[in-house]
């Protein structure tokens, strides 16, 4: 049985999609799973043993380009028994339709009748978690999901990890605190730089080193955090934001002894690497997309106006993050320090 998954467009969602792949493998041990997704997601998919192939999808957010979707669909004709769509958009259903895949499964949304022939109606109360909404598509409608739920688990190749360490001149002679201070979603997910700097300072004074991760957009934030460290401590930190590929970031994150992250894609990567993780929440809630790992401390204030799920604070104060003091994160890190986790 060959199954085509049309994958999501965000790092965290792609990590969580592994729960669906795990369920499919449990139901159909001999099935082959290919994932049609943006090229950036290849390093994530290559670290999932359930996935046979990552198929690069060349179109970006919002691009319809019907002719391109038809061409891709025709190129996949006759190869799959089922397609499962994780996005709810109409355009995400076009490639499986043009491919003529016999069973096309997805949640009802955006007038997809006809494009899908196994249309599910989502009960948000029954499936409050995103992973439940992904996993449910592996089963017949209204089937009780088996528990315990699987957790994403990315597999690391020691050779590529050593290559990344060597490339950036990093050593593991001291414990590593990884900081992930960015969030593509917006400012309302970003814990302030000055708070991250206080956490970094406390760990460096205890003999740790600090690695900062993120995209090119997060490089300035990383530099701001380092600038807040006094000379002598600053040298024990390195800003990797924007310098690593996603593949290198994943491999290097697997070396971390602890991670502090905003609610972001890298938070889910760290969880899938089973790193001891402190997850900082402001405008969002762990009730929908929590980090799925054993050694996790969630830190949030839960003030009256949060979670609002807005990209920017409607009141302009960002108190859900600004008033969340570094001591709370440092205390959470202390709780995690007793947990020794092997790198896979």
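Residue numbers (full-length UniProt numbering): 1 to 344. Here a beta-carbon is modelled for each residue, glycine too, at the ideal position from N, C-alpha and C.
May I have the straight-line CA-CA distance separating residue 341 from residue 327, to the nearest angstrom?
Confidence is the limiting factor: at residue 341 the pLDDT is only 46, short of 50, which leaves the residue's position unreliable, though a coordinate-based value still follows. Roughly 24 Å separates the two Cα atoms.
Status (buried if at least 16 other CB within 10 Å, exposed otherwise) for residue 111:
Classification for residue 111: exposed.
Can you give me the start and stop residues for the alpha helix (DSSP H) that residue 403 sits inside?
Here the chain comprises residues numbered 1 to 344, so residue 403 is not present and cannot be evaluated.
Cβ-Cβ separation, residue 207 to residue 174 (assumed contact under 8 Å), whole Å
Confirmed, about 6 Å.
Which of helix, strand or coil DSSP assigns to residue 243:
Looking at residue 243 - three-state DSSP - the assignment turns out to be coil, as it is neither helix nor strand.
Tell me whether residue 314 sits in a helix, a strand or coil according to DSSP, three-state version.
The three-state reading of DSSP puts residue 314 in coil, since its state is none of H, G, I, E or B.
DSSP beta-bridge partners of residue 105
Paired residue(s): 84 and 118.
Can you find a C-beta in chain C that's less than 9 Å from the C-beta of residue 323?
Of the protein chains in this structure there is only one, and it is not chain C.
What is the DSSP secondary structure of residue 52, reduced to helix, strand or coil?
Correct three-state label for residue 52: strand.
Outcome for residue 77 when other beta-carbon atoms lying within 10 angstroms are tallied against a minimum of 16:
The Cβ neighbour count for residue 77, taken over all protein chains shown within 10 Å, is under 16; the residue is labelled exposed.
Which same chain residues end up closer than 7 Å to residue 251 when comparing Cβ atoms and leaving out the 5 residues on each side of it in sequence?
Closer than 7 Å at the Cβ level, and outside the excluded window around residue 251, lie 156, 160, 161 and 164.
Three or more C-beta pairs under 8 Å: does that hold for the segment 131 to 141 against the segment 262 to 270?
Proximity of the segment 131 to 141 to the segment 262 to 270 falls short of the contact definition, fewer than three beta-carbon pairs being nearer than 8 Å.
Quick one: grab the DSSP three-state call for residue 263.
Looking at residue 263 - three-state DSSP - the assignment turns out to be coil, as it is neither helix nor strand.
Going by CA-CA distance only, name the one from 324, 318 and 307 that's closest to residue 299.
For residue 299, the nearest C-alpha among the options comes from 324.
Starting from residue 22, trace the alpha helix (DSSP H) in both directions and tell me its first and last residue.
For residue 22, the enclosing alpha helix (DSSP H) has its first and last residue at 18 to 27.
Between which two residues does the alpha helix (DSSP H) carrying residue 297 extend?
First-last for residue 297: 296 to 299, but that is the beta strand (DSSP E), not the alpha helix (DSSP H).
Proximity to residue 119 [Cα-Cα], best of 89, 148 and 125:
Of the candidates 89, 148 and 125, the one whose C-alpha sits nearest the C-alpha of residue 119 is 89.
For residue 105, which residues from the same chain have a beta carbon less than 6 Å from its beta carbon, with the 5 sequence-adjacent residues on both sides left out?
Cβ within range, chain order: 84, 118 and 137.
DSSP on residue 35, reduced to helix/strand/coil?
In the three-state reduction of the DSSP assignment, residue 35 falls in the strand class, which pools E and B.
Residues bridged to residue 113 (per DSSP)
Answer is 116, bridged to residue 113.
Looking at the unbroken alpha helix (DSSP H) that takes in residue 330, where does it start and where does it end?
Element bounds for residue 330: 326 to 336.
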